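What follows is one structure encoded as structure tokens, with my remarks underneath.
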Ligand SMILES: Cc1cc2nc3c(=O)[nH]c(=O)nc-3n(C[C@H](O)[C@H](O)[C@H](O)COP(=O)(O)O)c2cc1C
Ligand SMILES: Cc1cc2nc3c(=O)[nH]c(=O)nc-3n(C[C@H](O)[C@H](O)[C@H](O)COP(=O)(O)O)c2cc1C
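Residue numbers (this note's numbering), protein chains in the order written: chain B, 42 to 483; chain A, 42 to 483.
Take a look at the structure:
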């Protein structure tokens with residue numbers, strides 16, 4: 042019996058009570074102070090109970106919320122939160138974003154390897170270039186053009202991986218009888234003077250249980266795919282349709298091969314918002330409570346804009362005329378969410394319900410019962426549109442709990458998701474080969 | 042009854058099983074892997090049991106150990122360790138070093154405020170300039186001259202404190218009935234373009250229970266004292282005699298006044314290595330096991346050098362001739378440890394035992410029974426040579442345990458150390474006034 046290929050699950054974390062700016066208003070949350078680290082700890086424990094492979098932390102320093110009813114997200118430094126979470130969990134991994142455009146490679150190398158060692162091999166660095174001007178300005182820099190941002194990202198990643206390997210793999214001795222702690226001759230300095238990045242010296246931390254942290258990447262441009270081809274073990278992406286997922290996943294597999302790697306060496310992770318209810322209507326109505334009036338109207342307008350239809354208030358409570366939908370032309374320049382808008386609209390929902398399906402959002406929603414959501418994920422997975430998902434439940438306490446209790450067992454029963462962690466480290470659990478130092482060094 | 046002024050105690054942390062490179066060799070330690078976060082957690086819990094005000098973390102990134110029997114220290118990032126410790130403790134504070142010469146102010150502001158919020162007001166940033174070339178090179182920079190290092194330190198600290206206050210004190214609402222999370226109009230961007238430091242935007246984290254982290258400083262030069270006069274709540278120093286302590290403490294008090302502050306606004310913390318035993322001889326012999334042969338011979342040579350005496354192996358087991366000691370002249374250019382060497386030598390110890398007293402080390406030792414050590418500390422404290430101490434026990438598990446169980450109760454009984462924490466935050470426990478933002482802003 043050959044082992045069926047299985048999907049990867051990860052939980053998105055962005056510093057709120059769930060993946061919604063309004064999650065804090067859910068009566069179940071009972072937020073009485075902010076920040077409250079217990080929310081993150083509980084979410085992590087739930088995800089670990091559900092055998093999620095890792096938690097995924099974005100990072101947009103300096104970006105304040107604006108709508109008064111929105112919870113502030115990502116103000117706190119995710120490395121501090123992950124440190125505490127690592128101490129409350131045993132198997133689940135952590136992928137944390139740090140942008141190369143405004144960080145220092147020594148800091149990134151040191152903080153990630155520290156946590157990789159302390160968590161016993163459960164860390165990944167999501168190496169993004171970052172295209173956020175607010176973050177850049179907070180760090181006192183201006184955003185460079187893509188060419189230079191990626192030029193720096195290559196040097197930066199090389200530097201980080203080279204620093205990781207300055208402590209020789211066999212340098213640690215811990216020999217009590219000879220009183221030999223380490224053979225420090227095996228801790229060797231590097232000296233890097235690149236166009237964008239300088240660092241010399243050592244990072245004196247022994248290998249973790251998995252050697253060193255994995256490299257994740259997020260982006261989408263050609264430069265981004267090429268960078269991922271060289272470095273990324275996991276690519277966390279943003280797609281709305283199976284076709285889009287297939288295209289970027291294939292591009293990543295090709296990029297891996299172009300870099301002398303195997304296609305499966307890069308795992309493509311698509312986003313999904315599970316809207317879970319006893320039926321589809323209930324599921325979207327639960328989600329509706331987190332959409333405020335302004336956002337609702339903006340999304341109605343945006344749906345009209347991408348479809349090329351002028352809606353009036355009278356249109357809200359009825360389905361969009363199928364004839365109008367048939368006239369819509371999808372081009373490569375269309376909003377990437379357009380095809381998904383069309384697909385859901387054709388199911389006959391009213392315009393209001395269409396908005397409640399969250400068709401205009403950062404990620405597509407899977408809507409319905411636990412079986413519906415499992416089916417959605419399996420369809421994507423089997424179509425080769427994703428190797429796994431980053432899951433964005435509205436409220437951890439409510440929607441993640443249901444996802445873990447109801448969706449995960451279905452996926453496990455069907456054989457498309459593992460029943461337990463394969464090993465102790467993130468590499469073992471994702472099936473990523475051991476690596477220590479830069480790839481060339483291997 | 043007026044409350045007697047009481048001393049401050051802090052525990053030094055440098056990433057080993059105690060404040061000795063050989064602490065890991067103590068049979069009680071049983072180090073079976075490295076790193077092992079449990080060592081730090083246990084030390085912190087012990088210190089909290091002893092009502093220590095704070096733990097003090099130095100930071101010398103990039104410096105690898107060299108002697109094969111020395112434990113690697115300070116390789117790991119202290120912010121990660123402190124994050125985990127904060128989650129295992131309730132009252133003890135944490136002062137962590139981050140040098141302005143190679144860090145980014147937004148990172149410092151964000152990481153410290155994150156941890157201040159998560160620890161509910163127990164953090165301090167030890168704002169040093171840093172004079173370590175190895176650390177600077179790791180971060181890809183060269184060390185600037187003192188003028189520029191301190192020039193940058195001023196701008197850096199202003200930027201950090203300004204960022205801390207970008208989230209208005211009353212911006213957080215968390216009002217469940219009106220669904221108002223925060224009034225984001227009260228989260229106001231700064232825009233700093235200094236000679237050395239740039240940052241603009243917001244750091245969207247609400248005030249912690251103590252507003253914002255305290256500022257500590259370590260150094261010694263005139264520039265350092267002047268900087269402390271403006272910013273420091275606590276100055277962590279390096280002195281070997283009561284006179285040295287009195288001089289620097291007075292200089293700091295004067296510097297505070299020169300900046301429109303009260304003399305007591307800066308607390309001067311001196312280092313002390315407690316060598317604790319049932320008598321002095323036992324105490325130094327316990328310490329002797331952590332001095333390897335090379336170090337022993339170097340220290341003999343250094344004692345000879347500072348005293349201007351050429352020792353031979355035959356001199357090791359006998360006291361130094363008092364007539365020779367009387368001929369030694371102390372000048373302002375002498376090694377700062379010379380007077381302490383003379384003082385201990387005059388007690389009649391053999392040259393070997395003099396070395397075992399650790400007279401040539403980073404900090405002076407207090408040697409003997411619990412009462413001897415309490416007396417040493419009280420003498421310094423009452424002479425105005427220190428407002429408190431950073432305590433450096435050889436092995437946390439052994440020597441810190443004894444310090445907490447034996448020395449602390451004596452100090453408490455005598456009224457020179459508090460019996461319990463005064464409050465919940467580091468400010469409350471140190472008696473440092475609330476501050477939010479830069480001092481000018483107040
Ligand atoms: C799924 C996803 C997650 C991302 N997360 C972050 C992030 O946390 N922080 C950040 O600064 N940028 C993030 N980015 C932005 C990317 O770093 C990148 O700058 C952006 O996609 C623009 O692409 P390009 O740089 O390839 O042109 C993310 C992008 C995607 C697609
Ligand atoms: C007690 C003490 C602790 C210090 N801790 C650190 C440290 O952890 N990291 C660091 O880079 N420098 C540290 N320093 C060095 C100071 O930052 C400073 O650069 C040094 O004392 C030279 O003084 P100056 O810069 O005033 O000339 C410390 C100094 C003292 C006295």
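Every residue gets a Cβ at the ideal spot worked out from N, C-alpha and C, and that includes glycine.
It should be emphasised that the depicted structure is a prediction, and the values quoted were computed from it without experimental measurement.
*Within chain A, the residues that residue 128 (chain B) reaches when beta carbons sit closer than 9 Å*: In the first chain, residue 128 (chain B) corresponds to position 87, counting from 1. What residue 128 (chain B) touches in chain A: 78, 82, 124, 125, 128, 129.
*Is it the case that the Cβ atoms of residue 167 (chain A) and residue 136 (chain A) are separated by a distance below 8 Å?*
As a first step, residue 167 (chain A) must be located in the second chain, where it is residue number 126. As a first step, residue 136 (chain A) must be located in the second chain, where it is residue number 95. Closer than 8 Å, so yes.
*State buried or exposed for residue 399 (chain A), treating a residue as buried only when at least 16 other CB atoms are found within 10 Å of its CB.*
The residue labelled residue 399 (chain A) in the question sits at position 358 within the second chain. Buried is the call here.
*Could you work out which residue in A:313, A:319, A:191 is closest to residue 267 (chain A) when comparing CA atoms only?*
To locate residue 267 (chain A), count along the second chain from 1; it is residue 226. Relative to residue 267 (chain A), the option among A:313, A:319, A:191 whose CA is nearest is A:191.
_Against chain B, which members of the stretch 51 to 78 of chain A pass a CB distance test of less than 7 Å?_
65, 66, 72, 75, 76, 78
*Just reading off the beta strand (DSSP E) that residue 54 (chain A) is part of, what are its end residues?*
What you label residue 54 (chain A) is simply residue 13 of the second chain in a count that begins at 1. Looking at the DSSP string, the run of the beta strand (DSSP E) that includes residue 54 (chain A) is 49 to 54.
*Give every residue of the same chain whose Cβ lies closer than 7 Å to the Cβ of residue 269 (chain A), excluding the five residues on either side of it in the sequence, and list them in chain order.*
Here residue 269 (chain A) refers to the residue found at position 228 of the second chain. Cβ within range, chain order: 258, 276, 293, 296, 307.
*Is residue 112 (chain B) near residue 143 (chain B), with beta carbons less than 8 Å apart?*
On the first chain, position 71 is the one that residue 112 (chain B) refers to. On the first chain, position 102 is the one that residue 143 (chain B) refers to. At a Cβ-Cβ threshold of 8 Å, residue 112 (chain B) and residue 143 (chain B) do not count as neighbours.
*asked:* Given this structure, state the Cα-to-Cα distance separating residue 196 (chain B) from residue 237 (chain B), to the nearest angstrom.
replied: Indexing the first chain from 1 puts residue 196 (chain B) at position 155. Indexing the first chain from 1 puts residue 237 (chain B) at position 196. Taking the straight line joining both Cα atoms gives about 7 Å.
*Opposing strand residues paired with residue 139 (chain A) [DSSP bridges]*: Here residue 139 (chain A) refers to the residue found at position 98 of the second chain. Partner(s): A:168.
*Secondary structure at residue 61 (chain A), three-state DSSP: helix, strand or coil?*
Here residue 61 (chain A) corresponds to residue number 20 of the second chain, with the count starting at 1. In the structure shown, residue 61 (chain A) sits in coil (DSSP, three-state: anything other than H, G, I, E or B).
*Closest to residue 341 (chain A) by CA distance: which of A:329, A:58, A:290, A:396 is it?*
As a first step, residue 341 (chain A) is located in the second chain; it is residue number 300 there, counting from the start. Of the candidates A:329, A:58, A:290, A:396, the one whose C-alpha sits nearest the C-alpha of residue 341 (chain A) is A:396.
_Distance cut-off 7 Å: residue 197 (chain B) Cβ against heavy atoms of ligand 1_ = For this step, residue 197 (chain B) is matched to residue 156 along the first chain. Not under cutoff, so the answer is no.
*Is any heavy atom in ligand 2 found nearer than 7 Å to the beta carbon of residue 100 (chain A)?*
Locating residue 100 (chain A) in the second chain gives position 59, where the first residue counts as 1. Result yes, Cβ under 7 Å from ligand 2.
*When DSSP labels each residue in this structure, what does residue 277 (chain A) get in the three-state scheme?*
For the purposes of this step, residue 277 (chain A) is taken as residue 236 along the second chain, with counting starting at 1. Reduced to three states, the DSSP call for residue 277 (chain A) is strand.
*Quick one: what does DSSP say residue 452 (chain A) is sitting in, helix, strand or coil?*
Counting from one through the second chain, the residue named residue 452 (chain A) turns up at place 411. Correct three-state label for residue 452 (chain A): helix.
_I want to see whether chain B comes within less than 8 Å of residue 221 (chain A), judged by CB atoms only; does it?_
Against the second chain, residue 221 (chain A) aligns to sequence position 180. It does; some Cβ of chain B falls within 8 Å.
*Which stretch, first to last residue, makes up the alpha helix (DSSP H) that contains residue 122 (chain A)?*
As a position in the second chain, residue 122 (chain A) is number 81, starting the count at 1. Here the alpha helix (DSSP H) through residue 122 (chain A) covers 119 to 127.
*With a CB to CB cut of under 7 Å and the five nearest residues on each side skipped, what residues in its chain are close to residue 304 (chain B)?*
Looking up residue 304 (chain B) in the first chain gives position 263. Hits under 7 Å: 294, 297, 298.
*Can you tell me which of the three DSSP states residue 42 (chain A) falls into?*
For the purposes of this step, residue 42 (chain A) is taken as residue 1 along the second chain, with counting starting at 1. Because residue 42 (chain A) carries a pLDDT of 46, less than 50, the predicted location of this residue cannot be relied on, and the following value inherits that uncertainty. Here residue 42 (chain A) sits in coil by DSSP.
*Residues that residue 151 (chain B) contacts on chain A, provided the C-beta gap is smaller than 7 Å*: In the first chain, residue 151 (chain B) corresponds to position 110, counting from 1. Residues of chain A passing the Cβ test: 102, 118.
*At a CB-CB cut-off below 7 Å, which residues of chain B make contact with residue 112 (chain A)?*
Within the second chain, numbered from 1, the residue matching residue 112 (chain A) stands at position 71. Within chain B, the residues near residue 112 (chain A) are 222.
*Could you name the residues of the same chain whose beta carbon sits closer than 6 Å to that of residue 409 (chain A), not counting the 5 residues immediately before and after it, in chain order?*
As a working note, residue 409 (chain A) is residue 368 in the second chain. Result list for residue 409 (chain A): 321, 324, in chain order.
*Answer with yes or no whether the minimum CB distance from residue 306 (chain B) to chain A is below 8 Å.*
Within the first chain, numbered from 1, the residue matching residue 306 (chain B) stands at position 265. So no, residue 306 (chain B) is outside the interface.
_chain B within 8 Å of residue 218 (chain A), Cβ atoms only_ = On the second chain, residue 218 (chain A) is found 177 positions in, with the first residue counted as 1. Cβ-Cβ to chain B under 8 Å: no for residue 218 (chain A).
*Can you grab the Cα-Cα spacing for the pair residue 209 (chain A) / residue 228 (chain A), in whole Å?*
The count along the second chain starts at 1 and reaches residue 209 (chain A) at position 168. The count along the second chain starts at 1 and reaches residue 228 (chain A) at position 187. Answer to the nearest angstrom: the Cα atoms are 5 Å apart.
_Endpoints, the beta strand (DSSP E) within which residue 239 (chain B) is located_ = Translated into the one-based positions of the first chain, residue 239 (chain B) becomes position 198. It spans 239 to 242 - the beta strand (DSSP E) in which residue 239 (chain B) sits, taken as one unbroken run.
*What first and last residue would you give for the alpha helix (DSSP H) that runs through residue 187 (chain A)?*
Position 146 of the second chain, counted from the first residue, corresponds to residue 187 (chain A). Note, residue 187 (chain A): alpha helix (DSSP H), 187 to 205.
_Residue of B:45, B:93, B:69 minimising C-alpha distance to residue 446 (chain B)_ = Residue 446 (chain B) sits at position 405 when you count from the first residue of the first chain. With distances taken between Cα atoms, residue 446 (chain B) lies closest to B:93.
*Among residues of its own chain, excluding the 5 on either side of residue 426 (chain B), which ones have a beta-carbon nearer than 6 Å to its beta-carbon?*
Start at 1 with the first residue of the first chain, and residue 426 (chain B) comes out as number 385. If we look at residue 426 (chain B) and ignore the five residues flanking it on each side, its Cβ neighbours are 283, 286, 287.
_Quick check on residue 274 (chain A): buried or exposed, where buried means 16 or more other Cβ atoms within 10 Å of its Cβ?_
Walking along the second chain from the start, residue 274 (chain A) turns up at place 233. The residue in question, residue 274 (chain A), is buried, as its Cβ has 16 or more Cβ neighbours within 10 Å.
*CB contact below 8 Å: residue 253 (chain A) versus chain B*: The residue you call residue 253 (chain A) lines up with position 212 of the second chain. No - not a single Cβ of chain B is within 8 Å of the one on residue 253 (chain A).
*asked:* Measuring only the C-alpha atoms, how far is residue 419 (chain B) from residue 456 (chain B)?
replied: As a working mapping, residue 419 (chain B) is identified with position 378 in the first chain. As a working mapping, residue 456 (chain B) is identified with position 415 in the first chain. For residue 419 (chain B) and residue 456 (chain B), the distance between alpha carbons rounds to 10 Å.
*Which one of A:57, A:86, A:87, A:91 has the shortest CA to CA distance from residue 75 (chain A)?*
By one-based count along the second chain, residue 75 (chain A) stands at place 34. The option with the nearest alpha carbon to residue 75 (chain A) is A:57.
*Between residue 412 (chain B) and chain A, is there a C-beta pair that is closer than 8 Å?*
Start at 1 with the first residue of the first chain, and residue 412 (chain B) comes out as number 371. No, residue 412 (chain B) does not count as interfacial toward chain A.
*Since residue 49 (chain B) and residue 461 (chain B) are thought to touch, with beta carbons under 8 Å apart, how far apart are those beta carbons, to the nearest angstrom?*
Taking the first residue of the first chain as 1, we reach residue 49 (chain B) at position 8. Taking the first residue of the first chain as 1, we reach residue 461 (chain B) at position 420. With a Cβ gap of about 14 Å, residue 49 (chain B) and residue 461 (chain B) do not count as contacting.
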